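Peer 1: Order-wise, the sequence lines are chains A and B. Position one of the first sequence corresponds to residue 352 (the numbering used here), numbered consecutively onward. Position one of the second sequence corresponds to residue 352 (the numbering used here), numbered consecutively onward. Before I ask anything, let me first share the structure, which is written out below as structure tokens.
There are 2 protein chains.
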Amino acid sequence: MKSDLSQLMRERELDALMISCPDGLASVNTSFLYFTGPAHVTHGHIIVVRRPDAPDLEVTLVHAPMERDEAARAAARAGLRLHSLGNYDMREIHRAVNGDRLAGQVELTRRLFHDLGVQGRVGFYGVDERGSSYIFLDALVDANFVEVVVEYDNDILSEARKTKDAQEAAQIRLACRLTEQVIGATRDFLRRHRVSGETLFKPDGNPLTVGDVKSFIRREEAALGLDDPGCIFAIGRDAGVPHSAGTAGDPIQLGRTIVFDIFPRWPGGYYADITRTWCLGYATDEVLQAYALVREVHDRAEAMLDTIRPAWEYNEMACDLFEAHGHPTPRQNPGLTAGYVHSLGHGFGLAVHEAPSMRLKALTGNDDPLPAGSIITNEPGLYYPDKGWGVRLEDDYWLNPNGTVERLTEFDPELVIPM
Amino acid sequence: MKSDLSQLMRERELDALMISCPDGLASVNTSFLYFTGPAHVTHGHIIVVRRPDAPDLEVTLVHAPMERDEAARAAARAGLRLHSLGNYDMREIHRAVNGDRLAGQVELTRRLFHDLGVQGRVGFYGVDERGSSYIFLDALVDANFVEVVVEYDNDILSEARKTKDAQEAAQIRLACRLTEQVIGATRDFLRRHRVSGETLFKPDGNPLTVGDVKSFIRREEAALGLDDPGCIFAIGRDAGVPHSAGTAGDPIQLGRTIVFDIFPRWPGGYYADITRTWCLGYATDEVLQAYALVREVHDRAEAMLDTIRPAWEYNEMACDLFEAHGHPTPRQNPGLTAGYVHSLGHGFGLAVHEAPSMRLKALTGNDDPLPAGSIITNEPGLYYPDKGWGVRLEDDYWLNPNGTVERLTEFDPELVIPM
């Protein structure tokens with residue numbers, strides 16, 4: 352968690368971090384949002400400096416002059432220092448480097464680092480175009496006014512973000528509550544519709560479709576201030592393909608599996624990630640049995656959650672149980688498209704997929720447990736697209752550093768919705 | 352535009368392009384969206400291959416097996432070939448490289464390029480973490496199975512995207528229509544409120560606030576399927592800071608300037624970008640005069656729009672006219688915070704800011720005109736935060752390749768809204 356960052360910087364011998372946020376990328380630039388919270392800063396930088404003799408890190412938000420209001424709001428909320436790019440005369444820099452934009456950015460960085468006392472080993476983070484990142488960092492290596500540090504696997508911010516503090520858990524808990532309001536409203540919305548034969552109909556006489564339901568979901572989310580990259584609402588055969596988002600024109604019908612996987616973000620930037628599977632009116636015996644097995648795997652995994660056992664144990668247990676009931680698993684065949692076709696769960700936070708993972712023993716290569724403070728999903732499922740169905744059940748958990756395991760999701764896991 | 356890409360690749364001697372979309376970055380990975388359209392593909396690659404003897408480029412969407420449905424939908428819509436990462440045994444690769452994830456990604460890329468016939472000079476695009484981009488591309492240079500090409504300024508995709516074809520213009524026109532529906536609904540919403548003294552009140556007796564209006568806007572956008580990164584609805588002093596998004600608790604009052612700058616995205620991925628300034632009930636003489644001047648600059652710029660004159664002429668004209676009326680401009684002082692404090696306009700499309708620019712002569716360094724096919728904003732404004740007001744008027748235009756200039760926005764530009 353964020354309070355580990357100072358120690359992590361010491362261990363990795365990093366004197367400073369620079370996290371950039373280019374124009375237009377703020378919404379998914381999680382390394383930046385980690386420090387600012389929900390800022391409306393179009394572009395800028397976060398500079399984190401570790402001073403050997405100071406107890407706390409110095410975190411500065413560097414912003415364009417026109418962004419000064421939103422930068423000040425974010426800084427006040429998150430306890431950041433402010434530094435304006437208005438301190439630098441870009442026309443003078445432009446002239447000094449004969450109009451070379453790359454050289455200008457390097458020179459701006461040199462002046463910025465000088466003014467903020469950044470020196471030594473500096474790590475670089477934040478998303479940007481791959482090509483310009485490569486060229487800029489390469490030029491910075493050549494300029495040699497700091498030692499450029501880059502990390503491929505398990506960079507320092509991912510390592511810190513692997514665990515969440517109480518404030519982050521509170522944001523995710525809130526995102527879960529609001530998301531469950533949307534799930535509940537959607538269930539009510541479905542139940543309000545008239546059924547004729549096997550199909551739900553709208554008041555205008557047309558069949559209710561996946562597209563209609565998604566419009567309803569989007570409006571409910573907007574009313575609660577949730578930001579959604581697009582949920583999965585997939586019926587029948589589509590429910591049998593884990594990441595099929597659903598076909599807009601599909602009619603909503605009784606007895607078919609509906610996989611509703613919703614992962615919106617609360618303005619704080621933190622996600623919820625919840626899946627319910629519904630059968631309206633009734634479910635077939637085959638689906639009832641599969642869902643009962645999925646619930647059993649889910650409940651066993653939940654009961655196992657701790658910060659001691661190797662994290663691969665959860666998914667190995669899931670494979671054991673599914674295989675014992677004759678369902679193919681990725682342990683037997685990684686390319687399979689029917690059976691239990693994905694992993695058991697994943698960490699999430701500012702991104703909808705982040706560390707830690709719950710991968711199989713053969714894939715993870717270590718015996719690390721889930722760390723105290725991690726927030727993870729538990730989402731077993733079974734998928735048979737050729738038979739026209741799929742089921743998944745997904746809840747979220749915080750492995751509270753005080754030693755307890757908190758389920759963050761509460762929504763009724765019942766499969767069959769009486770109509 | 353996209354049809355220029357083949358020629359641009361020939362000019363730049365590029366045999367192929369690889370555009371990557373890491374997990375979680377799809378929504379803002381505009382280089383990827385440029386080829387797929389509004390895809391729900393969580394992660395994957397676009398590979399563009401130019402074959403010297405073939406008339407058309409080969410564009411392939413490389414996707415994870417679990418994304419096969421959404422990939423197939425996007426491919427059908429956008430005319431792409433499909434290639435699944437399921438063709439590669441990641442466990443075997445993992446073993447072959449002794450579990451080194453970076454080496455595994457390089458080996459996967461080698462096999463992928465082999466199978467798709469990618470060789471020669473390959474450009475790399477798409478957003479990702481800066482550090483891992485640097486390390487991956489560096490490793491690819493060392494591996495030496497293709498020539499790695501990276502571009503800092505004016506990369507080939509930005510160059511192509513500088514101009515829009517009729518299909519793209521149609522998407523932006525639609526985004527503008529829907530955005531204007533939201534603007535109109537917001538104006539009606541404001542007018543429906545009871546006024547007491549200078550303040551608007553809600554039915555519950557509390558003052559109507561900026562936060563209330565933003566909630567209304569968000570719901571209207573959601574109902575129309577618009578995706579919004581967060582609009583500006585700033586009143587009084589906040590309207591005097593161009594990128595202040597507005598203070599949620601501010602009450603809506605008569606006679607104060609409201610800058611409403613809204614830039615949502617239609618699911619096709621293309622933005623609209625429209626600003627209206629409103630004064631409810633009445634405006635002060637000072638604001639009326641300032642807004643009349645802003646409209647004059649706006650209308651003159653609109654009348655000048657062509658594909659012949661240097662693109663710096665528009666903003667120079669704006670500075671001429673504002674300075675003649677005693678308003679400070681960035682031509683005199685780039686760091687100013689009162690007067691005409693920004694540029695006249697910018698291109699947009701899949702990003703809310705993209706090429707071409709309308710910068711001042713001293714900053715642009717060339718006499719290039721706006722290219723035929725460009726889509727740009729025209730958005731003069733005047734800002735006096737210390738006097739408690741700011742005004743801006745922003746419309747969008749397509750410089751149709753057939754030689755005409757089409758205004759894409761139609762919304763009433765009147766300042767004063769009768770209450």
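Note that CB positions come from ideal geometry on N, CA and C, so glycine has one too. In this text, all values refer to a predicted model and were calculated from it rather than measured experimentally.
If you measure between the beta carbons of B/His693 and B/Gly632, is that distance less than 8 Å?
Peer 2: Looking up residue 693 of chain B in the second sequence gives position 342. Looking up residue 632 of chain B in the second sequence gives position 281. No, the pair does not count as a contact, with Cβ atoms beyond the cut-off.
Peer 1: Specify, as a first and last residue, the run of the alpha helix (DSSP H) that B/Asn729 falls within.
Peer 2: Your numbering for residue 729 of chain B matches position 378 in the second sequence. Counting along the chain, B/Asn729 falls outside any alpha helix (DSSP H), though it belongs to the beta strand (DSSP E) covering 726 to 729.
Peer 1: When the Cα of B/Ile370 is compared with those of B/Leu356, B/Ser357, B/Glu571, B/Phe386, which residue comes out closest?
Peer 2: Numbered from its first residue, the second sequence carries residue 370 of chain B at position 19. Cα-wise, what sits closest to B/Ile370 is B/Phe386.
Peer 1: Return the chain-ordered list of same chain residues with a C-beta closer than 8 Å to the C-beta of A/Arg432, the five sequence neighbours on each side being excluded.
Peer 2: Here residue 432 of chain A corresponds to residue number 81 of the first sequence, with the count starting at 1. Within the same chain, A/Arg432 has close Cβ partners Glu409, Val410, Thr411, Leu412, Ala426.
Peer 1: Starting from the Cα of A/Trp617, find the closest Cα among A/His678, A/Phe584, A/Ala521, A/Val500 and give me that residue.
Peer 2: On the first sequence, residue 617 of chain A is found 266 positions in, with the first residue counted as 1. Selected option, being the one with the closest Cα: A/Ala521.
Peer 1: Does the stretch 741 to 751 of chain A touch the stretch 483 to 497 of chain B, meaning 3 or more C-beta pairs lie closer than 8 Å?
Peer 2: At 8 Å Cβ cutoff, the stretches do not touch.
Peer 1: Excluding five sequence neighbours on each side, which residues of the same chain lie with their C-beta closer than 8 Å to the C-beta of B/Ile625?
Peer 2: Walking along the second sequence from the start, residue 625 of chain B turns up at place 274. These residues qualify, in order along the chain: Cys527, Thr530, Glu531, Ile534, Asp612, Ile613, Phe614, Glu745, Asp746, Asp747, Thr760, Phe762.
Peer 1: Report the neighbours of B/Leu488 on chain A: residues whose CB is nearer than 7 Å to its CB, in chain order.
Peer 2: Here residue 488 of chain B refers to the residue found at position 137 of the second sequence. The answer, in chain order, is Arg481, Tyr485.
Peer 1: For the beta strand (DSSP E) that contains B/Ser354, what are its first and last residues?
Peer 2: Mapped onto the second sequence, residue 354 of chain B falls at position 3. That residue, B/Ser354, is in no beta strand (DSSP E); it is neither H nor E in DSSP.
Peer 1: Could you give the first and the last residue of the continuous beta strand (DSSP E) run that contains A/Asp746?
Peer 2: Position 395 of the first sequence, counted from the first residue, corresponds to residue 746 of chain A. First-last of the beta strand (DSSP E) with A/Asp746: 746 to 750.
Peer 1: At a cut-off of 7 Å, is B/Leu759 close to the ligand SAM when judged by its beta-carbon and the heavy atoms of the ligand?
Peer 2: This structure lacks the ligand SAM; in fact it carries no ligand of any kind.
Peer 1: I'd like to know whether the C-beta atoms of A/Arg543 and A/Phe552 end up nearer to each other than 8 Å.
Peer 2: Translated into the one-based positions of the first sequence, residue 543 of chain A becomes position 192. Translated into the one-based positions of the first sequence, residue 552 of chain A becomes position 201. No, Cβ-Cβ distance for A/Arg543 and A/Phe552 is not below 8 Å.
Peer 1: List, in chain order, every chain B residue whose beta-carbon is nearer than 8 Å to that of A/Ser371.
Peer 2: If you number the first sequence from 1, residue 371 of chain A lands on position 20. Arg481, listed in chain order.
Peer 1: If the cut-off is 7 Å on Cβ atoms, which residues from the stretch 494 to 508 of chain A count as contacting chain B, listed in chain order?
Peer 2: Residues Val501, Glu502, Tyr503, Asp504, Asp506.
Peer 1: Along the chain, which unbroken stretches of the beta strand (DSSP E) at least 3 residues long are found entirely within the stretch 453 to 493 of chain B?
Peer 2: Runs found: 472 to 476, 478 to 480.
Peer 1: Nearest CA to the CA of B/Arg462: which residue from B/Gly474, B/Phe496, B/Arg446?
Peer 2: In the second sequence, counting from the first residue as 1, residue 462 of chain B sits at position 111. Comparing Cα-Cα distances from B/Arg462 to each of B/Gly474, B/Phe496, B/Arg446, the minimum goes to B/Phe496.
Peer 1: Can you find at least 3 beta carbon pairs, one from the stretch 443 to 454 of chain A and one from the stretch 467 to 474 of chain A, that sit closer than 8 Å?
Peer 2: Result no; under three Cβ-Cβ pairs closer than 8 Å.
Peer 1: Below 9 Å on C-beta distance, what does A/Asp374 contact in chain B?
Peer 2: To locate residue 374 of chain A, count along the first sequence from 1; it is residue 23. Within 9 Å Cβ-Cβ: Ala702, Val703, His704.
Peer 1: Report yes or no: do three or more beta-carbon pairs, one from the stretch 556 to 571 of chain A and one from the stretch 655 to 668 of chain A, lie closer than 8 Å?
Peer 2: Contact fails: fewer than three Cβ-Cβ distances are below 8 Å.
Peer 1: Could you tell me whether the Cβ atoms of A/Ile609 and A/Thr635 are closer together than 8 Å?
Peer 2: Translated into positions along the first sequence, residue 609 of chain A becomes position 258. Translated into positions along the first sequence, residue 635 of chain A becomes position 284. Going by C-beta atoms, A/Ile609 is not nearer than 8 Å to A/Thr635.
Peer 1: Verify the CB distance criterion: does A/Thr393 have a CB-CB separation below 8 Å to chain B?
Peer 2: The residue you call residue 393 of chain A lines up with position 42 of the first sequence. Closer than 8 Å to some Cβ of chain B, the Cβ of A/Thr393 qualifies, so yes.
Peer 1: B/Ser484 and A/Tyr665: beta carbons closer than 8 Å?
Peer 2: Stepping through the second sequence from its first residue, residue 484 of chain B is reached at position 133. Stepping through the first sequence from its first residue, residue 665 of chain A is reached at position 314. For B/Ser484 and A/Tyr665, no; Cβs fall outside 8 Å.
Peer 1: Spell out the partners DSSP gives A/His414 in its beta bridges.
Peer 2: Numbered from its first residue, the first sequence carries residue 414 of chain A at position 63. DSSP, once it has assigned bridges, lists A/Gly395, A/Ser435 as partnering A/His414.
Peer 1: Using three-state DSSP, classify A/Cys527 as helix, strand or coil.
Peer 2: Within the first sequence, the letter at position 176 stands for residue 527 of chain A. Three-state DSSP puts A/Cys527 in a helix.
Peer 1: So which of A/Val501, A/Ala423, A/Met709, A/His434 has the shortest CA-CA distance to A/Thr728?
Peer 2: As a working mapping, residue 728 of chain A is identified with position 377 in the first sequence. Of the listed residues, the one whose Cα sits closest to A/Thr728 is A/Met709.
Peer 1: Could you name the residues of chain A that B/Ser378 contacts, counting a contact when the two beta carbons are closer than 9 Å?
Peer 2: In the second sequence, counting from the first residue as 1, residue 378 of chain B sits at position 27. Result: Ser378, Val379, Pro580, Gly581.
Peer 1: Identify, in the order they occur along the chain, each residue of the same chain with its Cβ nearer than 8 Å to the Cβ of B/Gly690, setting aside the five sequence neighbours on each side.
Peer 2: Numbered from its first residue, the second sequence carries residue 690 of chain B at position 339. Phe673, His678, Pro679, Thr680, Leu733, Tyr734, Tyr735, listed in sequence order.
Peer 1: Taking the alpha-carbon positions, what's the A/Thr514 to B/Ser382 distance?
Peer 2: On the first sequence, position 163 is the one that residue 514 of chain A refers to. On the second sequence, position 31 is the one that residue 382 of chain B refers to. Roughly 32 Å separates the two Cα atoms.
Peer 1: Assign B/Val549 to one of two classes, buried (16 or more other C-beta atoms within 10 Å of its C-beta) or exposed (fewer than that).
Peer 2: For this step, residue 549 of chain B is matched to residue 198 along the second sequence. The question names Val, but residue 549 of chain B in the sequence shown is Glu. Exposed, because fewer than 16 other Cβ atoms sit within 10 Å of the Cβ of B/Glu549.
Peer 1: Quickly, what does DSSP pair A/Ser708 with across the bridge? List them, please.
Peer 2: Counted from its first residue, the first sequence places residue 708 of chain A at position 357. Bridge partners of A/Ser708: A/His697.
Peer 1: For the stretch 440 to 451 of chain A, list every residue whose C-beta sits within 8 Å of some C-beta in chain B, in sequence order.
Peer 2: Per Cβ criterion, the list reads Asp440, Met441, Arg442, His445, Gly450.
Peer 1: Identify which residue in A/Asp539, A/Asn438, A/Asp451, A/Gly741 has its Cα closest to the Cα of A/Pro593.
Peer 2: Translated into positions along the first sequence, residue 593 of chain A becomes position 242. When each option's Cα is compared against that of A/Pro593, the closest is A/Gly741.
Peer 1: Contact check, A/Gly477 vs B/Phe475 under 8 Å by CB: the rounded distance?
Peer 2: Walking along the first sequence from the start, residue 477 of chain A turns up at place 126. Walking along the second sequence from the start, residue 475 of chain B turns up at place 124. In fact, because the Cβ distance is near 18 Å, the residues do not count as touching under 8 Å.
Peer 1: Can you pull the chain A neighbours of B/Ser725, defined as C-beta to C-beta under 8 Å?
Peer 2: In the second sequence, counting from the first residue as 1, residue 725 of chain B sits at position 374. Ordered by position in chain A, no residue passes the 8 Å Cβ test against B/Ser725, which lies about 18 Å from the chain.
Peer 1: Please report the residue range of the alpha helix (DSSP H) in which B/Ala639 lies.
Peer 2: For this step, residue 639 of chain B is matched to residue 288 along the second sequence. Rather than Ala, the amino acid found at residue 639 of chain B in this sequence is Leu. Per DSSP, B/Leu639 belongs to the alpha helix (DSSP H) from 636 to 655.
Peer 1: Leaving out the 5 sequence neighbours to the left and right, which residues in its chain are closer than 8 Å to B/Lys738 when beta-carbon positions are compared?
Peer 2: Here residue 738 of chain B refers to the residue found at position 387 of the second sequence. Excluding positions up to five away in sequence, the list reads Gly591, Glu637.
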